[in-house]
Every structure is written in structure tokens, then in C-alpha cells.
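Numbers given in my numbering equal positions in the sequence shown, counted from 1, plus 86.
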Amino acid sequence: MSEMHVIGVRVEQPQNQPVLLLRETDGERYLPIWIGQTEATAIALEQQGVEPARPLTHDLIKNLIEAFGRTLKEVRIVDLREGTFYADLVFDQNTRVSARPSDSIAIALRIGVPIFAEEAVLTEAGLVMPDEREDEVEKFKEFLESVSPDDFKATDG
Numbered sequence: 087m088s089e090m091h092v093i094g095v096r097v098e099q100p101q102n103q104p105v106l107l108l109r110e111t112d113g114e115r116y117l118p119i120w121i122g123q124t125e126a127t128a129i130a131l132e133q134q135g136v137e138p139a140r141p142l143t144h145d146l147i148k149n150l151i152e153a154f155g156r157t158l159k160e161v162r163i164v165d166l167r168e169g170t171f172y173a174d175l176v177f178d179q180n181t182r183v184s185a186r187p188s189d190s191i192a193i194a195l196r197i198g199v200p201i202f203a204e205e206a207v208l209t210e211a212g213l214v215m216p217d218e219r220e221d222e223v224e225k226f227k228e229f230l231e232s233v234s235p236d237d238f239k240a241t242d243g
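Given below as C-alpha cells:
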């Protein structure tokens, strides 16, 4: 299992589909996960430090975890079946709750817990970027610094 960190979210064209990009903390592999507009917005808001006037769903979940006195220890991306990623929220007292990776990561970012990916998932879906692709990753990071959460809203058409 490898610890991952969030590079960011970008809208992939021409499908207008958000993609979440993770990278191994101590490795070279990237893990792209296509996600929904709502989750993309939630992740982008958190990464940019934007605090909404009222709690969003992932903020509510964070507040519920705290209100019930539980501790989220980590998030694990545990499986990839038929193109669908699966994740677990790992709590104290060895409690696990299955969730979508996009929701899990949005919650992990809010709480500040580590994100891990199983080796089998990285073997199947992980990408190693050749040196010339590193420039693209840097451009992607620059894009993320200038993107607005409004960029992830669905458009007609």
C-alpha cells in the first residue's frame, strides 16, 4: 500500500468530465480517478482554502464524525472493478465504511488524514509519467492554482 497525495482536479475535455489526480508520496506513479462535478467542486474548494457560508455535504460529514466522538484515521483506495474505484474510510476501533474515492478524499482533505492506495489498484490503474510528461504535470499544477470552483459546474449541452 502506498501513501498518496492530491495533485488536484481538472476538467478533461471534450467530455467535460472532472479527473482527480493523485501521486504516490514516495514513488513515481500517478492515479487518475474520474469523478463527479459536485465532488470536484468540494475538493477544489478545500484545496483553495475556500470556506463556504454554510457547510457542504463533506463538511457536514466531518462535523458528524467529530460530534459522535469518532476519529477518522485514514482513507484507503482498496479496489478497482469494471472501471469503478472503491475506497474505505478507516476509523478508530477498527471500523471501516465503504465509500466512493471522491467522497473519501474530500473528507480526508477536510480532516487532514492520509490517503493510501492498495498496490493492486496502482498496478492496474497507476501511471508513470515519462520525464517529458513532468512538464505537463507542472502545467496542471499551475492550472490548479488559477482554477475557480465555478469551473466545475455543469454546463448545458
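Just so it is clear, CB atoms sit at the ideal spot from N, CA and C, and this is done for glycine as well.
Distance CB(residue i)-CB(residue j) smaller than 8 angstroms
{"i": "Val176", "j": "Glu160", "result": "yes"}
{"i": "Asp178", "j": "Val164", "result": "no"}
{"i": "Arg196", "j": "Asp112", "result": "no"}
{"i": "Glu204", "j": "Arg162", "result": "yes"}
{"i": "Pro187", "j": "Ile119", "result": "yes"}
{"i": "Leu117", "j": "His91", "result": "no"}
{"i": "Ser88", "j": "Leu208", "result": "yes"}
{"i": "Val105", "j": "Glu114", "result": "no"}
C-alpha distance - residue i paired with residue j, whole-angstrom precision
{"i": "Lys148", "j": "Val199", "result": "12 angstroms"}
{"i": "Ala153", "j": "Thr143", "result": "15 angstroms"}
{"i": "Ile93", "j": "Tyr172", "result": "19 angstroms"}
{"i": "Gln134", "j": "Gln103", "result": "20 angstroms"}
{"i": "Val95", "j": "Glu210", "result": "21 angstroms"}
{"i": "Ala240", "j": "Thr170", "result": "In this prediction, Ala240 scores a pLDDT of 48, lower than 50, which makes its location untrustworthy; no coordinate-derived value is stated."}
{"i": "Pro141", "j": "Val214", "result": "37 angstroms"}
{"i": "Glu132", "j": "Thr157", "result": "20 angstroms"}
{"i": "Asn180", "j": "Pro100", "result": "42 angstroms"}
Host alpha helix (DSSP H) of residue i (start-end)
{"i": "Arg196", "result": "187–197"}
{"i": "Ala206", "result": "205–211"}
Opening and closing residue of the beta strand (DSSP E) in which residue i lies
{"i": "Met90", "result": "88–98"}
Contact with chain B by residue i, beta-carbon distance below 8 angstroms
{"i": "Gln134", "result": "The structure shown has no chain B; it contains just one protein chain."}
Stretch-stretch touch, CB-based, cutoff 8 angstroms, three pairs: the region 118–135 with the region 186–194
yes
Return the chain-ordered ranges of every beta strand (DSSP E) run that is complete within the region 101–135 and spans a minimum of 3 residues.
103–110, 115–120
Alpha helix (DSSP H) segments (min. 4 residues) lying fully within the region 142–178:
143–153
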